[in-house]
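Asker: Per numbering that gives the first Met the number 0: the sequence shown = residues 0 to 558.
Sharing a structure with you now.
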Amino acid sequence: MTDVNALFVEQFRVNADDVNKAVQFQSRNGGQLEQILVRMGALSSEFLPDYYSQVYQLERVSDETIEQLLDDDAAWQALQEQLPTPLRVTLRQHQLLPVAVGESLTVICTNPTTPAILELVANQQPQLKLLIASDEQYGRLQNRYEQGQAPREASSNLSVLEEDRLRELASEAPTVNLLNALIAKALRRRASDMHIEPWKGKGRVRYRIDGVLHEADFIPMHMVLPIVTRLKLLSNMDIAEKRRPQDGKIELRIDGMNVDVRVSALPVGEGESVVMRFLLQDSLSYDVKVLGIEADVEQALLHDIQATSGVVLLTGPTGSGKTTSLYSFLSRRNDPDVKIITIEDPVEYQLDGINQVQVQSDIGFTFANALRSVVRQDPDIIMVGEIRDNETASIALQSALTGHLVFSTLHTNDAASAYTRLLDLGVEEFLLAAAIKVIVAQRLARKLCPHCKTADPDATEHYHKLKMEWLADRFDVKPQFMQAVGCEKCAHTGYQGRVALIEYMRCDDDLTQLLGSSDFLQKARALNRQKGFRNLLEDGILKAMRGETTIQEVVRVAG
0 MTDVNALFVE QFRVNADDVN KAVQFQSRNG GQLEQILVRM GALSSEFLPD
50 YYSQVYQLER VSDETIEQLL DDDAAWQALQ EQLPTPLRVT LRQHQLLPVA
100 VGESLTVICT NPTTPAILEL VANQQPQLKL LIASDEQYGR LQNRYEQGQA
150 PREASSNLSV LEEDRLRELA SEAPTVNLLN ALIAKALRRR ASDMHIEPWK
200 GKGRVRYRID GVLHEADFIP MHMVLPIVTR LKLLSNMDIA EKRRPQDGKI
250 ELRIDGMNVD VRVSALPVGE GESVVMRFLL QDSLSYDVKV LGIEADVEQA
300 LLHDIQATSG VVLLTGPTGS GKTTSLYSFL SRRNDPDVKI ITIEDPVEYQ
350 LDGINQVQVQ SDIGFTFANA LRSVVRQDPD IIMVGEIRDN ETASIALQSA
400 LTGHLVFSTL HTNDAASAYT RLLDLGVEEF LLAAAIKVIV AQRLARKLCP
450 HCKTADPDAT EHYHKLKMEW LADRFDVKPQ FMQAVGCEKC AHTGYQGRVA
500 LIEYMRCDDD LTQLLGSSDF LQKARALNRQ KGFRNLLEDG ILKAMRGETT
550 IQEVVRVAG
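So this is what it looks like as structure tokens:
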């Protein structure tokens, strides 16, 4: 038994058998041993500060230090004045809270083992002194930062006259016209997002089109603050608050279109970065047929979503189209005799005939709490926007075992990795084996513009290097590789719209028998191949062979 393992047994009263089980789990799936023990229920989380303090030889923060910052406004004010805003933002991004400034900057955290924190401590100037805090200590101080209980922190950093002048600037014709023109241009170019950022003494405007950012315009720096202020006013944000992230929503009518806009403001070094996400209700069609799923996978999925119980998981990074696919599946099942409830953060699109619940984390109404309430509403189908923690995962899977069909999403690279991710969250193997019916990994690749695409004579060489010739035989496809050119129809990008790349994995007895294997991922992928299904790259190459996209685009997205 190693020294660390002995520490768990001798000092923190963990059963030696539990330590051995945790070590075996860690060898198969990775993760931090102490966190695995906590999720197993073998180690109380109240011992974690002492554990980190001993193992990493770090001091514990004293209650007196926390109390002084909470009760002494002068000490709090002095600390705030000594910290530049960019440094405060950096610390908050790494979940570090400052408590003292001297020869070094003293900060507290609850878990010092994350690579991001270790890198910051190693490279940050001024030098950081790290102290370990309990969850309770950290939470109390974090509330002070979040709620701004100190007089200066809570007050506006603008005078009344300055705030009134900002409102005037935001309402003047140049500001209104410029913002409307930027939004109209974004919508004409089919942008999903618009970014306005202070950069090198001017405002940079970028549009995300078909998942790729394009630089669009530069605006004078003296117009950036009025533009940002107008967006804050329209979305009911606090225009005087420039030190904290804020979110809001706007309903606009631009170029004859009704547009819902999600607005996010984030403090950065030179001011505030604002991102707008455009939600066009009228242009959306949630139909499985238009997702671009291959016929064999579509047939299997349409069969799967008719089930009365079980979990259907979609995996992939942010912006990979998971929500759109889930909405399409729900629309297919949306009948008068089926009750469907979704739990989302946020509810972006309204679906007719479906009950949609908005998560409110600031009041404790989390995915897990919402899910507990939803199952009492007697639903047939539940959609959980995202599985983020053990509590949500366990309730969702248990709901599937009690007669509910559950749809949800998870952030993993491929289908098989969903299992290891859920195990890492602390879900029991038997629960995974019993509840999960199918896992779908998804990415979005840009579709070639049909007006200007031309044959690509060089693509065949890349095709042979990837050794994908077997796809042509299996699907009876004659490769017709095309390349992007660019024209007025596609704003000279060569692409127009996106198509889904899909990896489908059915979770049957053959697959669940592999759970617990040290090389589970490799075996699961091999088994899926034997059953005739493709991974993301192979599915993309099949679409490139038909001329729908390019090999380069597929490799960029799924390579």
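For glycine and all other residues, C-beta sits at the position ideal for the given N, C-alpha and C.
How long is the line joining the alpha carbons of F11 and V3, rounded to whole angstroms?
Answerer: 11 angstroms
Asker: Alpha carbon to alpha carbon, how far is L409 from G315?
Answerer: 7 angstroms
Asker: With 16 other CB atoms within 10 Å as the buried threshold, where does F24 fall?
Answerer: Buried, since its Cβ has 16 or more Cβ neighbours within 10 Å.
Asker: Quick one: give me the first and last residue of the alpha helix (DSSP H) that F429 is part of.
Answerer: E428 to A434
Asker: Classify N527 as buried or exposed, calling it buried when 16 or more other Cβ atoms lie within 10 Å of its own Cβ.
Answerer: buried
Asker: Since A115 is in the alpha helix (DSSP H), which residue starts that stretch and which ends it?
Answerer: First-last of the alpha helix (DSSP H) with A115: P114 to N122.
Asker: Curious, which full-length alpha helix (DSSP H) runs of at least 4 residues does the region 51-115 contain?
Answerer: 62-70, 72-81 and 84-92
Asker: Run through DSSP, which three-state label would R12 get?
Answerer: coil
Asker: In this structure, what does DSSP give as the bridge partners for R442?
Answerer: L500
Asker: Using 8 angstroms as the threshold, is the region 301-314 in touch with the region 395-415, meaning 3 or more CB pairs across them?
Answerer: yes
Asker: Tell me, please, whether the region 499-514 touches the region 401-420 by the rule of three or more beta-carbon pairs shorter than 8 angstroms.
Answerer: yes
Asker: Since T314 sits in a beta bridge, which residues does DSSP pair it with?
Answerer: L409 and A440
Asker: What's the C-alpha gap between F328 and E297?
Answerer: Looking at the two C-alpha atoms, the distance is approximately 11 angstroms.
Asker: Please report how far the alpha carbon of S330 lies from the alpha carbon of I340, in whole angstroms.
Answerer: 12 angstroms
Asker: In this structure, does DSSP put G539 in helix, strand or coil?
Answerer: When DSSP states are grouped into helix, strand and coil, G539 belongs to the helix group.
Asker: Tell me the rounded alpha-carbon separation between S61 and Q441.
Answerer: 48 angstroms
Asker: Specify the secondary structure class of V484 as computed by DSSP and reduced to three states.
Answerer: coil
Asker: Assign N354 to one of two classes, buried (16 or more other C-beta atoms within 10 Å of its C-beta) or exposed (fewer than that).
Answerer: Exposed is the call here.
Asker: List, from N- to C-terminal side, the alpha helix (DSSP H) runs of 4 residues or more that fit wholly inside the region 502-528.
Answerer: 508-511
Asker: Measuring straight from C-alpha to C-alpha, what distance separates A471 and Y462?
Answerer: 11 angstroms
Asker: Rounded to whole angstroms, how far is the Cβ of K436 from the Cβ of D379, which I believe are closer than 8 angstroms?
Answerer: Not a contact, Cβ separation roughly 15 angstroms.
Asker: Nearest by alpha-carbon distance to H221: which of L165, D388 and V211 is it?
Answerer: L165
Asker: What number of angstroms, rounded off, separates the C-alpha of H302 from the C-alpha of D295?
Answerer: 11 angstroms
Asker: So, helix, strand or coil for T323, using DSSP?
Answerer: helix
Asker: Kindly indicate the opening and closing residues of the beta strand (DSSP E) around T341.
Answerer: I339 to E343
Asker: Would N368 count as contacting chain D if we go by Cβ distances under 8 angstroms?
Answerer: Looking for chain D here will not work: only one protein chain is present.
Asker: Just to confirm before moving on: does the CB-CB distance between D336 and G384 stay below 8 angstroms?
Answerer: no
Asker: In whole angstroms, give me the CA-to-CA distance for F366 and V358.
Answerer: 6 angstroms
Asker: Going by other Cβ atoms of all chains shown within 10 Å of its Cβ, with 16 needed for buried, is R533 buried or exposed?
Answerer: buried
Asker: Starting from the Cα of L140, find the closest Cα among A444, I65 and A169 and give me that residue.
Answerer: I65
Asker: Going straight from the alpha carbon of T323 to that of A306, what length do you get?
Answerer: 20 angstroms
Asker: Expressed to the nearest angstrom, what Euclidean distance is found between the alpha-carbon atoms of V439 and T548?
Answerer: 21 angstroms
Asker: Label I35 either buried or exposed according to how many other C-beta atoms from any shown protein chain fall within 10 Å of its C-beta, with 16 as the threshold for buried.
Answerer: buried
Asker: How is N257 classed by DSSP in three states: helix, strand or coil?
Answerer: strand
Asker: Give me the Cβ distance between A433 and L465, rounded to the nearest whole Å; I'm assuming they're in contact under 8 angstroms.
Answerer: With 8 angstroms as the limit, A433 and L465 do not qualify as a contact, their Cβ atoms being about 38 angstroms apart.
Asker: Which first and last residues belong to the beta strand (DSSP E) in which E195 is found?
Answerer: In the sequence under discussion, the amino acid at residue 195 is Ile, which differs from the Glu named in the question. I195 -> beta strand (DSSP E) spans A190 to W198.
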